[in-house]
Amino acid sequence: MLRTSLTAAILSAAFGTQVAAAAEPLTATQVLNQMNAVSLTTITATSGGHVHGRTWAAGSVTGGEYGNQLGKAPASDYAGLTAASVKGATDAWGNTSRVTVNRGGVVTSGSLNGVTVNEGTSVVGGDVANSTLNRASQVAGSAANSTFNGGATIGGSLANSNVNGGAWVGGSASNSNINGGATVLGAVANTNTNGGAFKGLTADFATASAAATSTDFAGVLGGLSNTLAQLKSTGSTVDISGSKATFTAQLDGNGVAVFDLTGIDDTLFALNEFQFNLNGASTVIMNTDITGASIHANFLGGSAQGIGSQVIWNFYDATNLTIATQFGGAVLATDALVTNTRDIEGGLFARALDLQAQVHVQPFTGNVDALSPVPEPSTVAMVMAGLAVLGVGGLRRREESFRA
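Residues -22 to -1, 1 to 382 (mature numbering (1 follows the signal peptide of the UniProt record, and there is no 0)) make up the sequence shown, in order.
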């Protein structure tokens, strides 16, 4: 699992004292707004699996393309891709495909293998192999068969690689070219170094590195799902006619609409068409206790894009979901493996992800941090009775203290 693993010795030698302060953890609303895909375990992706915006995975990432359209995403300290390790994918026929991070860089506590980073700093807690990193890079382990453009600090050895922009190498260097100056603490063999001494990298890497482990995503997202599941319907309705469902939102005083789908979800998610009348709701919660579904419904009138930033589909009991249609809204399924064979207009937050299509940037614009379940009348009565008892007890204690 993802952890902080860049050693103090490497940081001190390569960056001096330029180490970022601890990052503030994200709230649930900030997670939905800043992140576009979060997996509490692993991500696997085919060549068509692309995530626009930022991605975070507690475990490994295998295959896929990340950090697309990052300019459309809200500002964040997080890298384009953060994961425990990242490697290219191999299909059933033995064909390999690289992982590509187009913007935002990558932060990993483990290794990179078969990865191309086109823009953004790379922070690697393990080794780098068979990769191309086109911006400044910090590698705690060794590097082999790779190209670094933008300079690199490498805690271990460097072999069969090219570094443009200078390098600091804690181990040996062999069969490599270093352009821009180099500091190599170990043995040097069959290696060309051109330029003066390497001046070191900036501390830009530190912000994304500090952010990587600052948020307990499992706790935040699991807590959010549990909280949303307890919300009562605001009177929002779903009308089913033939193979079409029409969602009509009823708002509370804060512009929030809650749909309780638990009585109809088996029928609902087998339908062919969804239509939405959200009536200006700022936050829409779709609560469903379905355990598994393959969703094929067509979101009518381009509504997938239209509702993507407002709606949260809370699949709080699901263990396996397939999104087989262009889907609108954030998918929250913290116990499920979610597979998307069609594009999603919104975030994807799940136990594990199998990406076979794209996840588009639709930053959540609502607010879930202030939402809390309304207690049942019996619960309210019990709480009031308890407060009354505490009040009487407190008064008696104060009287006794005064008399003493």
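Every residue, glycine too, gets a C-beta built ideally from N, C-alpha and C. All values reported here derive from a predicted model rather than from experimental measurement.
So, at 6 Å on beta carbons, what are the nonlocal neighbours of residue i in its own chain, with the 5 sequence-adjacent residues on each side left out?
i    : result
S192 : A1, P3
G104 : G88, S89, G119
G139 : Note that residue 139 is Ser in the sequence shown here, rather than Gly. Counting only Cβ-Cβ distances below 6 Å, and skipping sequence neighbours, we find A121, S124, S154.
T94  : R76, T78, T110
T171 : I156, A160
N255 : T226
V102 : T86, L90, V117
A165 : S150
D217 : T224
T24  : Q334
T40  : T22, K65, A67
Please classify residue i as buried or exposed, where buried requires at least 16 other C-beta atoms within 10 Å of its C-beta.
i    : result
L278 : exposed
W291 : buried
S109 : buried
S219 : exposed
N250 : exposed
S124 : buried
T74  : exposed
A308 : buried
T297 : exposed
N11  : buried
D243 : buried
T7   : buried
W71  : exposed
Q340 : buried
Which same chain residues, not among the five before or five after residue i, have their C-beta less than 8 Å away from its C-beta?
i    : result
S38  : T20, I21, A61, A62, S63, V64, K65, G88
A359 : Because A359 carries a pLDDT of 43, less than 50, the predicted location of this residue cannot be relied on, and the following value inherits that uncertainty. Cβ neighbours of A359 beyond the five flanking positions: none.
T245 : I218
I'd like to confirm the pairing. Which residues does DSSP put opposite residue i in its beta bridges?
i    : result
W34  : V16, T60
A130 : S115, A145
V289 : V262
S152 : A137, A167
H338 : E323
E251 : K222, N276
L331 : I21, V316
I301 : I273, N318
V9   : Its beta-bridge partners do not exist; DSSP assigns none.
A160 : A145
L90  : V64, V106
N172 : N157
A53  : In the DSSP output, where bridge partners are listed per residue, A53 has none listed.
T40  : T22, K65
T74  : T68
Alpha helix (DSSP H) containing residue i: first to last residue?
i    : result
I285 : 281 to 285
N204 : 195 to 207
T94  : Counting along the chain, T94 falls outside any alpha helix (DSSP H), though it belongs to the beta strand (DSSP E) covering 93 to 95.
T191 : Per DSSP, T191 belongs to no alpha helix (DSSP H) and is neither H nor E.
T78  : Where T78 is concerned, there is no enclosing alpha helix (DSSP H), although the beta strand (DSSP E) it sits in stretches over 77 to 79.
T245 : 243 to 246
Under a CB-based cut-off of 9 Å, is residue i close to chain C?
i   : result
I21 : Absent here is chain C; the protein component of the structure consists of one chain.
Starting from residue i, trace the beta strand (DSSP E) in both directions and tell me its first and last residue.
i    : result
D313 : 308 to 318
D217 : 215 to 219
D238 : 234 to 238
T86  : 84 to 86
G45  : 43 to 46
Please work out which residues of its chain come closer than 7 Å, Cβ to Cβ, to residue i, disregarding the five sequence neighbours upstream and downstream, and give them in chain order.
i    : result
A302 : S272, I273, H274, T319, R320
G344 : S260, T261, Q288
S54  : Q12, R32
Looking at residue i and the ligand ADP, is the gap between the Cβ and the nearest heavy atom below 8 Å?
i    : result
G134 : What this structure holds is no ligand at all, so the ligand ADP is not there to describe.
Hey, is the region 313 to 326 in contact with the region 224 to 235, meaning 3+ C-beta pairs nearer than 8 Å? No, they do not touch.
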